[in-house]
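Just so you know, the protein sequences line up as chains A and B, in that order. Residues 208 to 291 (our numbering) make up the first sequence, in order. Residues 7 to 154 (our numbering) make up the second sequence, in order. Note that beta-carbon positions come from the ideal geometry of N, C-alpha and C, so glycine has one too. As the structure is a computational prediction, the values presented were derived from the model and not from experiment.
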Amino acid sequence: MNELNVVFFASLKEALGIERYVLEGDLPMTIKELKAQLANLLRNGDALLDKGIQSSIDFEFARDGDMVKQGTKEVAFFPPVTGG
Amino acid sequence: MIKVQQEDFDVQALYDDLVVNSETGAVAMFVGLVRHFSSLPSQDCTFELEHYPGMTEHNLQTIVEDACSRWSLNAVTVVHRVGKLAVQDKIVFVGVSASHRAEAFQACDFIMDYLKSRAAFWKKETQGDKSKWVDAKEQDEESLTRWE
C-alpha cells in the first residue's frame, strides 16, 4: 500500500468540500482509475468525473491515461485553468 | 524573472529591469486588468485568483523557457497576482526584451496565450452576495494552435 497526497482546487474543491485527501492504495494506477476510486470514496465525488476536470502529477499537467507511479508525491484535480 | 504575488506591481520598475543592456532594441509589455464584469457598481464587485503553489511557478517557468527556445530574447518578466482584487486592479504583467520588435511582440503574445491555458490559476467573480468561478473559454485553447 502507498500513501498518495491528492489536492483539489477552485470549483472542484468547493464541490467536494475538501482541499486535500490522503489515499491509501496500490500504485501504479492511471489518473482515470484514481478518479474513479476517489469518486466512490468522497462525498459528492461525482464532481471528479465531470468532463472538463483536469489533473496533474507532481506539478505536470496529466491526462486520464497517464500513470501515477510509485514515488509520486502529489496528484491534483481541478477545473480548466483561467489565469491571465 | 517569474513572480506569483498578492501585492500590486510597478510597471515602470518592471520595464526598467527589462532594459538589460545596449543590445536591447525592443521591449513588448502586456498588462491584464480586472474588467468591470457586472451591472452592479464596481465597489460591489470583487475578484479572486486562486493558484496551485509550486505548480503555477513551474508552469510559468516552462512557458518562459519555451519562449526563449523559440526566439532570441534578452529578458523575460512574468508577474501574476493572486488573492482578492478589485475592478481595474492589475492582474498580470508579461514583458519581453529583445534586439528587434518582431521577437518581442511574438514572444509576449505566445507567453500570454500559454499562460491562459497552461498555468494553474482560477478566477472567481463576486457580484454582491453571488460568487461564480469563471469558465475557461474554448477560444483560449484554440489560440494555442497558432504556435504549433
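Listed by position along chain B, the residues whose Cβ is nearer than 9 Å to that of Ala283 of chain A are Tyr58, Met61, Ala126. With three or more CB-CB distances shorter than 8 Å, the region 80-95 of chain B counts as touching the region 49-61 of chain B.
The bridge partners DSSP lists for Ala81 of chain B are B:Ser103.
For Ser262 of chain A, no CB of chain B lies under 8 Å from its own CB, so it is not counted at the interface with that chain. For Pro235 of chain A, no chain B residue has a Cβ inside 8 Å of its Cβ, as the nearest lies near 21 Å away. When secondary structure is reduced to three states using DSSP, Val288 of chain A falls in the coil class, being assigned neither helix nor strand. Taking 8 Å as the threshold, the shortest C-beta distance from Phe216 of chain A to chain B falls below it. Residues Thr83 of the same chain have their beta carbon placed closer than 6 Å to that of Met7 of chain B, with the five preceding and five following residues left out of the count. By the Cβ rule, the region 35-46 of chain B does not count as touching the region 251-271 of chain A, because fewer than three pairs are nearer than 8 Å.
DSSP, read as helix, strand or coil, puts Gly232 of chain A in strand. In chain B, no part has a C-beta under 9 Å from the C-beta of Gly224 of chain A; the shortest such distance is about 15 Å. Collapsing the DSSP output to three states places Gln133 of chain B in a strand.
Ala19 of chain B sits exposed, since fewer than 16 C-beta atoms from the chains shown fall within 10 Å of its C-beta.
Distance between Val275 of chain A and Glu210 of chain A, taken at the CA atoms: about 12 Å.
Counting along the chain, the unbroken alpha helix (DSSP H) around Val70 of chain B starts and ends at 61-76. Excluding residues up to 5 positions away in sequence, Gly38, His86 lie with their Cβ nearer than 6 Å to the Cβ of Val98 of chain B in the same chain. Secondary structure of Gln11 of chain B (DSSP, three-state): strand. Considered as a whole, the region 13-52 of chain B harbours 17-24 as its complete alpha helix (DSSP H) runs of no fewer than 4 residues, in chain order. By the beta-carbon neighbour count (other beta carbons within 10 angstroms, threshold 16), Glu109 of chain B is buried.
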